[in-house]
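Peer 1: For reference, the structure I am asking about is given below.
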Amino acid sequence: MKILHVAAEGLPFIKTGGLADVIQALPKELAKSKNNVSVILPLYLKIAINNHKDFDYVCTFDVKSGIINTSASIFKQVVDNVTFYFIQHQYYFERESLYGYGDDGERFSFFSLAVLNMIRELKLKFDVVNLHDWHTGVIPLINRIYFKDLKLKYVYTIHNLAYQGVFPKELMHSCLSIDDTYYNNGLLKFNDNISFMKAGILCSDKVSTVSPTYANEILTKEFGENLDGVLELRRYDLAGILNGIDYEFYNPKTDPKIALNYGINDSKKGKKENKIALQEMLGLEKNPKVMMVSMITRLTNQKGLELIINKINDLISLNIQVAILGSGDSEYENIFKALEYNNKGKVVFYCGYNEDLAHQIYAGSDLLLMPSLFEPCGLSQMIAMKYGCLPLVRETGGLKDTVIPYNEYVDEGTGFTFTYFNDSDMFNTILYAYNVYYKQNNAYNRMVKRAMKTNYSFKESAKLYVGLYKEVKSKRGLNE
Ligand code: ADP
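So the mapping is simple: the numbering used here equals the position in the sequence shown, first residue as 1, plus 16.
This is the structure we're talking about:
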């Protein structure tokens with residue numbers, strides 16, 4: 017099949033979160049089974065600096081984005097048999113960060129229009145276009161209004177329903193040239209604003225999200241982020257397909273970013289040496305026996321950080337070392353900075369994004385905390401398991417679907433879990449993990465080996481995506 021993915025970020029070029037991992041792993045897996053796969057991404061400043069020299073120039077064309085007349089240039093590069101196209105617009109994309117300049121609505125309106133213009137300009141044909149997250153949500157609607165000749169069909173994948181691309185209504189006139197019909201008929205209207213994500217859900221042929229549990233959760237008031245009613249309308253077109261990770265990239269046996277490579281058979285030695293290396297890197301006492309507890313995360317309320325903050329004194333009183341790698345809301349950044357300051361030698365907070373350090377933390381830690389309020393899929397727990405770092409998670413979304421809770425009576429499980437979003441339950445579970453680590457170390461090590469054996473590659477999930485694509489291909493498209 018000819019498959020196109022459109023997203024706001026993707027490895028091996030650019031990443032701020034799990035979406036980028038998926039945009040690397042899924043297309044690569046689909047290409048392995050002889051599909052013809054392309055990806056379209058914005059050409060951000062970092063990509064321009066690091067990769068531009070390897071790109072081929074494709075073309076330049078005009079883009080009329082509402083009242084703005086501008087142009088886009090296209091570059092491309094083939095990686096792992098996947099053709100990556102980049103949309104270049106110096107003003108919109110060549111900025112230090114990817115998001116958050118206050119004009120994301122305008123930038124991704126332009127991106128959406130440029131994607132459809134590019135397909136028309138290059139006369140590209142696709143059996144299915146897989147759109148990802150709010151940034152691409154208006155594409156099927158614009159297709160329906162201005163690009164019917166393209167005959168495209170869409171799967172819309174929700175990676176996180178909490179980010180919906182909600183903007184003032186004026187944007188639909190000024191940046192998308194869409195008139196009030198599509199506001200009044202409800203395809204874009206979201207309270208008194210417009211929502212890109214709502215348009216994506218309603219105008220795509222199928223909707224998917226990134227774990228079976230999250231697919232059920234988002235139909236409820238609790239997790240539906242005020243779009244549960246809209247999703248209910250698409251209930252029979254909604255699929256929950258678990259994300260996977262790229263085990264060529266996340267493999268402790270071959271990972272060049274960690275101090276010592278190791279596999280299941282030499283995990284004890286590998287974990288020990290990597291813990292010492294991590295302690296050295298972070299300026300902590302070098303002691304392979306002490307339990308290393310970590311977090312690698314965006315700092316937002318989704319990640320359950322207040323549970324950790326509420327219990328911080330109890331946590332600190334344990335015989336552990338703590339490594340936190342993350343960036344995000346400044347409120348959380350300041351709390352974690354103070355935590356490090358007040359607990360020198362015990363807690364290290366690295367404020368920022370650091371891929372190399374993330375790998376070393378997975379390799380050198382014993383426990384990864386993910387007490388999320390909600391978690392559409394979560395990749396960190398999958399990576400942690402592969403590196404023999406046991407995840408401690410709340411049973412929500414993809415965390416529930418991937419971590420098997422430890423059961424000491426039958427000696428099974430790949431991590432520790434708790435059910436309710438409650439700081440005492442979380443802390444009791446940490447205490448449980450702590451006791452198993454120190455008092456039943458053999459059981460802990462057996463669990464490490466079980467975790468390292470888990471297989472959450474994209475292989476099986478890619479088959480489910482292909483099934484969805486085939487269904488879409490076989491039917492008349494909503495936007496035709
Ligand atoms: P989300 O997509 O909500 O951020 P996921 O668990 O799905 O969460 O994916 C997070 C990915 O980003 C993982 O690969 C994780 O290792 C990585 N990551 C998160 N924060 C950082 C950071 N500060 N530095 C390096 N990698 C990070």
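For every residue, glycine included, the Cβ atom is placed at its ideal position computed from N, Cα and C. Just so it is clear, the structure is predicted and the values come from calculations on it, not from any experiment.
Taking Cβ to Cβ, would you say V38 is nearer than 8 Å to N259?
Peer 2: One-based indexing of the sequence shown puts residue 38 at position 22. One-based indexing of the sequence shown puts residue 259 at position 243. Contact: yes.
Peer 1: Evaluate contact between the stretch 135-153 and the stretch 210-229, counting only Cβ atoms and requiring at least three cross-stretch pairs below 8 Å.
Peer 2: Segments in contact, yes.
Peer 1: To the nearest whole angstrom, what separates the beta carbons of L315 and L321, a pair I think is in contact under 8 Å?
Peer 2: Residue mapping note: residue 315 aligns to position 299 of the sequence shown, counting from 1. Residue mapping note: residue 321 aligns to position 305 of the sequence shown, counting from 1. Sure, about 6 Å apart at Cβ, within 8 Å.
Peer 1: Taking 8 Å as the cut-off, decide whether the C-beta atoms of N159 and F183 are in contact.
Peer 2: Walking along the sequence shown from the start, residue 159 turns up at place 143. Walking along the sequence shown from the start, residue 183 turns up at place 167. No, they are not a contact pair.
Peer 1: Which residues mark the beginning and the end of the beta strand (DSSP E) in which N209 is found?
Peer 2: The residue you call residue 209 lines up with position 193 of the sequence shown. Note, N209: beta strand (DSSP E), 209-211.
Peer 1: Less than 8 Å between the CB atoms is what I'm expecting for I90 and Y101, so what's the real figure, rounded?
Peer 2: Mapped onto the sequence shown, residue 90 falls at position 74. Mapped onto the sequence shown, residue 101 falls at position 85. Between Y101 and I90 the Cβ distance is about 6 Å, and since that is below 8 Å, they are a contact.
Peer 1: Based on the DSSP secondary-structure assignment, which residues constitute the bridge partners of D72?
Peer 2: As a first step, residue 72 must be located in the sequence shown, where it is residue number 56. Partner(s): K92.
Peer 1: Evaluate D70 with the Cβ neighbour count: other Cβ atoms within 10 Å of its Cβ, from every protein chain shown; 16 or more gives buried, anything less gives exposed.
Peer 2: The sequence position of residue 70 within the sequence shown is 54, counting from 1. D70 comes out exposed.
Peer 1: Count the other C-beta atoms from every protein chain shown that fall within 10 angstroms of the C-beta of K141, then say buried if there are 16 or more, exposed otherwise.
Peer 2: Here residue 141 corresponds to residue number 125 of the sequence shown, with the count starting at 1. So K141 counts as exposed.
Peer 1: Thinking C-alpha only, which one of D427, V98, F239 is nearest L177?
Peer 2: Position 161 of the sequence shown, counting from 1, holds the residue named residue 177. Checking every option, the nearest Cα to that of L177 belongs to F239.
Peer 1: Classify T412: buried if its beta carbon has 16 or more other beta carbons within 10 angstroms, exposed otherwise.
Peer 2: As a first step, residue 412 is located in the sequence shown; it is residue number 396 there, counting from the start. Counting Cβ neighbours within 10 Å, T412 comes out buried, since at least 16 surround it.
Peer 1: Under three-state DSSP, which class holds F109?
Peer 2: Within the sequence shown, the letter at position 93 stands for residue 109. Helix, per DSSP.
Peer 1: Closer than 8 Å is the cut-off here; do at least three beta carbon pairs connect the stretch 246-259 with the stretch 221-235?
Peer 2: Result yes; three or more Cβ-Cβ pairs closer than 8 Å.
Peer 1: What do you get for G299, buried or exposed, if any count of 16 or more other CB atoms within 10 angstroms of its CB means buried?
Peer 2: The residue given as residue 299 occupies position 283 in the sequence shown. With fewer than 16 Cβ atoms within 10 Å of its Cβ, G299 is classed as exposed.
Peer 1: Taking the DSSP output, what are the residues bridged to G344?
Peer 2: Numbered from its first residue, the sequence shown carries residue 344 at position 328. Partner(s): L315.
Peer 1: Which whole-angstrom value is the C-beta distance of M401 and A467, which I expect to be below 8 Å?
Peer 2: Sequence index remark: in the sequence shown, residue 401 carries index 385 (1-based). Sequence index remark: in the sequence shown, residue 467 carries index 451 (1-based). Indeed, because the Cβ distance is near 4 Å, the residues count as touching under 8 Å.
Peer 1: The ligand ADP heavy atoms versus the CB of D37: any closer than 7 Å?
Peer 2: In the sequence shown, counting from the first residue as 1, residue 37 sits at position 21. The answer is yes for D37.
Peer 1: Express the C-alpha separation of S333 and T430 in angstroms, rounding to a whole number.
Peer 2: Locating residue 430 in the sequence shown gives position 414, where the first residue counts as 1. Locating residue 333 in the sequence shown gives position 317, where the first residue counts as 1. About 26 Å.
Peer 1: Kindly examine the ligand NAD and report whether one of its heavy atoms sits closer than 7 Å to the Cβ of A374.
Peer 2: Looking at this structure, you won't find the ligand NAD anywhere; what it does contain is the ligand ADP.
Peer 1: Could you name each continuous beta strand (DSSP E) segment of 3 residues or more that falls completely within the stretch 413-467, going from the start of the chain to the end?
Peer 2: Complete beta strand (DSSP E) runs here, min 3: 432-434.
Peer 1: Can you give me the start and stop residues for the beta strand (DSSP E) that H175 sits inside?
Peer 2: Start at 1 with the first residue of the sequence shown, and residue 175 comes out as number 159. No beta strand (DSSP E) contains H175, which DSSP labels as neither H nor E.
Peer 1: If distances are taken between C-alpha atoms only, which option among K353, V98, K169 comes closest to E487?
Peer 2: For the purposes of this step, residue 487 is taken as residue 471 along the sequence shown, with counting starting at 1. When each option's Cα is compared against that of E487, the closest is K169.
Peer 1: Does the Cβ-Cβ distance between L383 and M307 come in under 8 Å?
Peer 2: As a position in the sequence shown, residue 383 is number 367, starting the count at 1. As a position in the sequence shown, residue 307 is number 291, starting the count at 1. Cβ atoms of L383 and M307: closer than 8 Å.
Peer 1: Where does K44 land, buried or exposed, given buried means 16+ other C-beta within 10 angstroms?
Peer 2: Here residue 44 is taken as the residue at index 28 of the sequence shown, counted from 1. When all chains shown are included, K44 counts as buried.
Peer 1: Hey, E110 and Y73 are a contact pair by Cβ (cut 8 Å); roughly how many whole angstroms apart?
Peer 2: Start at 1 with the first residue of the sequence shown, and residue 110 comes out as number 94. Start at 1 with the first residue of the sequence shown, and residue 73 comes out as number 57. E110 to Y73, Cβ: 16 Å. No contact.
Peer 1: So what does DSSP say about R251, is it helix, strand or coil?
Peer 2: The residue you call residue 251 lines up with position 235 of the sequence shown. DSSP places R251 in helix when its eight states are reduced to three.
Peer 1: If we call anything under 8 Å between Cβ atoms a contact, is A130 one with V79?
Peer 2: On the sequence shown, residue 130 is found 114 positions in, with the first residue counted as 1. On the sequence shown, residue 79 is found 63 positions in, with the first residue counted as 1. The answer is yes: Cβ separation under 8 Å.
Peer 1: From Y198, M297, V171, pick the residue whose C-alpha is nearest to that of L254; which is it?
Peer 2: Counting from 1 along the sequence shown, the entry for residue 254 is found at position 238. The shortest Cα separation from L254 among Y198, M297, V171 belongs to V171.
Peer 1: Would Y107 be called buried (16 or more neighbouring beta carbons within 10 Å of its own) or exposed?
Peer 2: The count along the sequence shown starts at 1 and reaches residue 107 at position 91. With fewer than 16 other Cβ atoms within 10 Å, it is exposed.
Peer 1: Figure out for me which residue from I65, I103, Q376, D96 has the closest Cα to the Cα of F77.
Peer 2: Numbered from 1 along the sequence shown, position 61 holds the residue referred to as residue 77. Comparing Cα positions, the closest option is I103.
Peer 1: Give me, in chain order, the residues of the same chain whose beta-carbon lies closer than 6 Å to that of Q93; leave out the 5 immediate sequence neighbours on both sides.
Peer 2: The residue given as residue 93 occupies position 77 in the sequence shown. Excluding sequence neighbours, Q93 sits near D70, F71, F100.
Peer 1: Below 8 Å on the Cβ atoms is my guess for A379 versus I274; work out the distance and round it to an integer in Å.
Peer 2: Within the sequence shown, residue 379 is the residue found at index 363, counting from 1. Within the sequence shown, residue 274 is the residue found at index 258, counting from 1. Between I274 and A379 the Cβ distance is about 4 Å, and since that is below 8 Å, they are a contact.
Peer 1: Taking 7 Å as the limit between beta carbons, can you name the residues of its chain near T236, skipping five residues before and five after?
Peer 2: The count along the sequence shown starts at 1 and reaches residue 236 at position 220. So the qualifying residues of the chain are D244.
Peer 1: For I399, is the classification buried or exposed, using 16 other Cβ atoms within 10 angstroms of its Cβ as the cut-off for buried?
Peer 2: As a position in the sequence shown, residue 399 is number 383, starting the count at 1. With 16 or more Cβ atoms within 10 Å of its Cβ, I399 is classed as buried.
Peer 1: What separation, rounded to the nearest whole angstrom, lies between the Cα atoms of A86 and M442?
Peer 2: Indexing the sequence shown from 1 puts residue 86 at position 70. Indexing the sequence shown from 1 puts residue 442 at position 426. Checking the sequence shown, residue 86 turns out to be Thr, not Ala. T86 and M442: Cα-Cα distance of roughly 52 Å.
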